[in-house]
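So the sequence shown is residues 1 to 225, counted in the UniProt record's numbering.
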Amino acid sequence: MTIRVLIVEDEPPLARALAVTLRANRYEATVAHTGAAGLDAVANWHPDLIVLDLGLPDLDGMEVLRAVRAWSSVPVVVLSARQTSDDKVEALDAGADDYVTKPFGMDELLARIRAAARRRPNDAPPVVHTAAFSVDLAARRVRTTAGADVRLTPTEWHMLEILARHVDKVVSQRELLQELRGPTLNQETHYLRVYLAQLRRKLEPDPAHPRHLITEPGMGYRLQP
1 MTIRVLIVED EPPLARALAV TLRANRYEAT VAHTGAAGLD AVANWHPDLI
51 VLDLGLPDLD GMEVLRAVRA WSSVPVVVLS ARQTSDDKVE ALDAGADDYV
101 TKPFGMDELL ARIRAAARRR PNDAPPVVHT AAFSVDLAAR RVRTTAGADV
151 RLTPTEWHML EILARHVDKV VSQRELLQEL RGPTLNQETH YLRVYLAQLR
201 RKLEPDPAHP RHLITEPGMG YRLQP
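Structure, rendered in structure tokens:
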């Protein structure tokens, strides 16, 4: 599976060089030049790893790191000109997986990224089978039992992915909303009903009487094989 790397860096030449290098090394890379754009990309693009500069124009990188850690365990490699031990300790205590100081060697950064990527949760995700469809988490693919691919929107896929990673266990509404919409929208439960209804129409043989995408009233949702 191609690893998706989000680069949060406000210097365009450096951001461009990082993206080109990562793509040349078979990563999928996208760039955000501000902290707000970075948080939006985390919530909507769902990277497997983040390279985060601390000196951003709108938000301090530490604010971005803390916001990400409030609702995501995605590995974060900090890339910063701040070189004091206090800065490094603060970032690592806030949840960074590694800390690289500028200037840096590209080979060293790639090695740090490889190491952080190996620590990703669910590095070799399974295929979840139900009586009506299968969810291949590694290939990001959903197929019916007849072998037909099912086209999902990015948000539909992300919701199904979360349920599939916790197959046959209840995932709370709060946890789902934090993953899908970010930490500031964790009360907007009507979004979940909309997304689940869309998934049922595409995946359940009888959407009005679902067998696999189950609502647990007052608790959350569950993917039942």
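Every residue, glycine too, gets a C-beta built ideally from N, C-alpha and C.
Rounded to whole angstroms, the separation of the alpha carbons of L18 and L56 is 16 Å. Between the alpha carbons of K102 and E28 lies a distance of about 23 Å.
In the DSSP annotation of this structure, the continuous segment of the beta strand (DSSP E) that includes L79 starts and ends at 76-80. With fewer than three CB-CB distances shorter than 8 Å, the segment 203-214 does not count as touching the segment 97-111. Exclusion of the five residues before and after H158 leaves H46, E179, L180 as the residues of its chain whose Cβ lies within less than 8 Å of its Cβ.
The alpha-carbon of V31 is positioned some 8 Å away from that of R16.
One Cα belongs to K202, the other to I214, and the distance between them is close to 14 Å.
In the DSSP annotation of this structure, the continuous segment of the beta strand (DSSP E) that includes G220 starts and ends at 220-223. Between T84 and A96, the alpha-carbon positions lie close to 16 Å from each other. S72 is positioned such that its CB atom lies closer than 8 Å to that of V42. F104 is classed as exposed because its beta carbon has fewer than 16 other beta carbons within 10 Å across all chains shown. Within the segment 85-172, the runs of alpha helix (DSSP H) that reach at least 4 residues and sit entirely inside it are, in chain order, 85-93, 106-118, 154-165.
Taking a C-beta distance under 8 Å as the contact criterion, A36 and L59 qualify as a contact pair. When only Cα atoms are considered, L196 and D87 end up about 43 Å apart.
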